[in-house]
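So the mapping is simple: the working numbering equals the position in the sequence shown, first residue as 1, plus 1. Backbone N, C-alpha and C fix where the C-beta goes; we use that ideal spot for every residue, glycine too. Before any comments, here is the structure.
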Amino acid sequence: MATEVSGVALIIGAGSGIGLESALVFAERGARAVIFADLELEAAQAGSQKSKSIATAKDYSTLAFGVDVRDRASIDNMVAEIKNKFGRIDYAVNCAGVPRQKEADLSTLDEAEYDLLHDVNAKGLLHCLQAEINVMKDQESLSVQGRNGSRKIGPGSIICITSLSAVLAAPKSATYTASKFAARGIIKCAALENLRSGLRINEVCPGFTNTPMLQRGIEQQPAVGQIINKSMPLGRIAEPEEIAHVVHFLASPGASFVNGQTLVVDSGVSISKYA
């Protein structure tokens, strides 16, 4: 079936928000195993436990890991353990990230903040992709049965969650914007270099989404929430589940011909200047 996701899913950044919802959607839609990985081990464990109540695959299995994407060894060890236990990784979702710490013009930005955001949002993503690709690119390519016969869908699918800030610059946000543009470049190179393996690597750029990260920012500046909602074509921000369903589609056989693409999910904010 076009939306079947019956394999093994690894979600990094699965403790809350889009990562958590993506992991739960995989469990709900038939994945035989879902691995919850997050900097906060307890959050990953809570998500893993919750998935057991909604999973639909027979003999469903789930694991939780505490990892820091800045630590290459922790990522490599986790991926090796998953490969050893399940034999393969079919879907990987990279959702770990940190937000801008404070507003600042480019001319006065805090270099320590720049380094932190780059280490997590760009270099951390690089660590994840390297570990995932090294396992997934040489896996057996799978096939699905469609109305017109069987078709190959490749050895797996990787989806990287970045941000609208990966395609649009924003004032007083150079540290975050630079880290997300860097992440986008890494993703594009990874997709290009692995085209012939059949491994699909795509990017999702969410707009404003109701995550703990955004809510913390609104708590610090309440007026920002009102401004954001007024700017949204639907009059509201996205729910994490809405982004998670896009992630699920890109992982599924229904998107088997989608590779190396950037999918902006923002209710049209990025084109609203033309409306």
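What residue from E141, E104, P213 and G218 has the CA that sits closest to T178's CA?
Translated into positions along the sequence shown, residue 178 becomes position 177. Among E141, E104, P213 and G218, the Cα nearest to that of T178 belongs to E104.
Sort out for me which residues DSSP pairs F37 with in a bridge.
The residue labelled residue 37 in the question sits at position 36 within the sequence shown. Looking at the DSSP assignment, F37 forms a beta bridge with I12 and A65.
Assuming V99 contacts V121 under a Cβ cut-off of 8 angstroms, what Cβ separation, rounded to an integer in Å, is found between them?
Counted from its first residue, the sequence shown places residue 99 at position 98. Counted from its first residue, the sequence shown places residue 121 at position 120. Indeed, because the Cβ distance is near 5 angstroms, the residues count as touching under 8 angstroms.
Leaving out the 5 sequence neighbours to the left and right, which residues in its chain are closer than 7 angstroms to I19 when beta-carbon positions are compared?
As a first step, residue 19 must be located in the sequence shown, where it is residue number 18. Answer for I19: C96, I162, P207, T210, T212, P241, I244 and A245, listed in chain order.
Count the CB pairs spanning the region 47-54 and the region 70-84 that are closer than 8 angstroms, and state whether there are at least three.
The answer is no - the region 70-84 does not touch the region 47-54, with fewer than three Cβ pairs under 8 angstroms.
Look at the alpha carbon of A34 and the alpha carbon of L21, and state the distance between them as a whole number of angstroms.
The residue labelled residue 34 in the question sits at position 33 within the sequence shown. The residue labelled residue 21 in the question sits at position 20 within the sequence shown. Whole-angstrom Cα-Cα distance: 15 angstroms.
How about S268 and M214: do their beta carbons lie closer than 8 angstroms?
Counting from 1 along the sequence shown, the entry for residue 268 is found at position 267. Counting from 1 along the sequence shown, the entry for residue 214 is found at position 213. Result no, Cβ atoms of S268 and M214 do not sit closer than 8 angstroms.
In terms of residues, what are the limits of the alpha helix (DSSP H) holding V26?
Your numbering for residue 26 matches position 25 in the sequence shown. Run containing V26: G18 to E29, per the alpha helix (DSSP H) assignment.
Measure the C-alpha to C-alpha separation of V205 and K138 and round it to an integer number of angstroms.
As a working note, residue 205 is residue 204 in the sequence shown. As a working note, residue 138 is residue 137 in the sequence shown. C-alpha separation (whole angstroms): 21 angstroms.
Does the separation of the CB atoms of N203 and L251 fall below 8 angstroms?
For the purposes of this step, residue 203 is taken as residue 202 along the sequence shown, with counting starting at 1. For the purposes of this step, residue 251 is taken as residue 250 along the sequence shown, with counting starting at 1. Contact flag set, yes.
Going by beta carbon distance, what residues of the same chain come within less than 6 angstroms of E114, once the five residues before and after it are set aside?
Counted from its first residue, the sequence shown places residue 114 at position 113. Only Q102 and T176 meet the Cβ criterion.
Return the CA-CA distance between V247 and V265, expressed in angstroms with no decimal places.
Walking along the sequence shown from the start, residue 247 turns up at place 246. Walking along the sequence shown from the start, residue 265 turns up at place 264. Roughly 10 angstroms separates the two Cα atoms.
With distances taken from CA atoms, which of G199, V270 and C129 is nearest A184?
Taking the first residue of the sequence shown as 1, we reach residue 184 at position 183. Checking every option, the nearest Cα to that of A184 belongs to C129.
Return the chain-ordered list of same chain residues with a C-beta closer than 6 angstroms to the C-beta of I154, the five sequence neighbours on each side being excluded.
Position 153 of the sequence shown, counted from the start, is the residue given in the question as residue 154. Cβ within range, chain order: L143, V145, P254 and S257.
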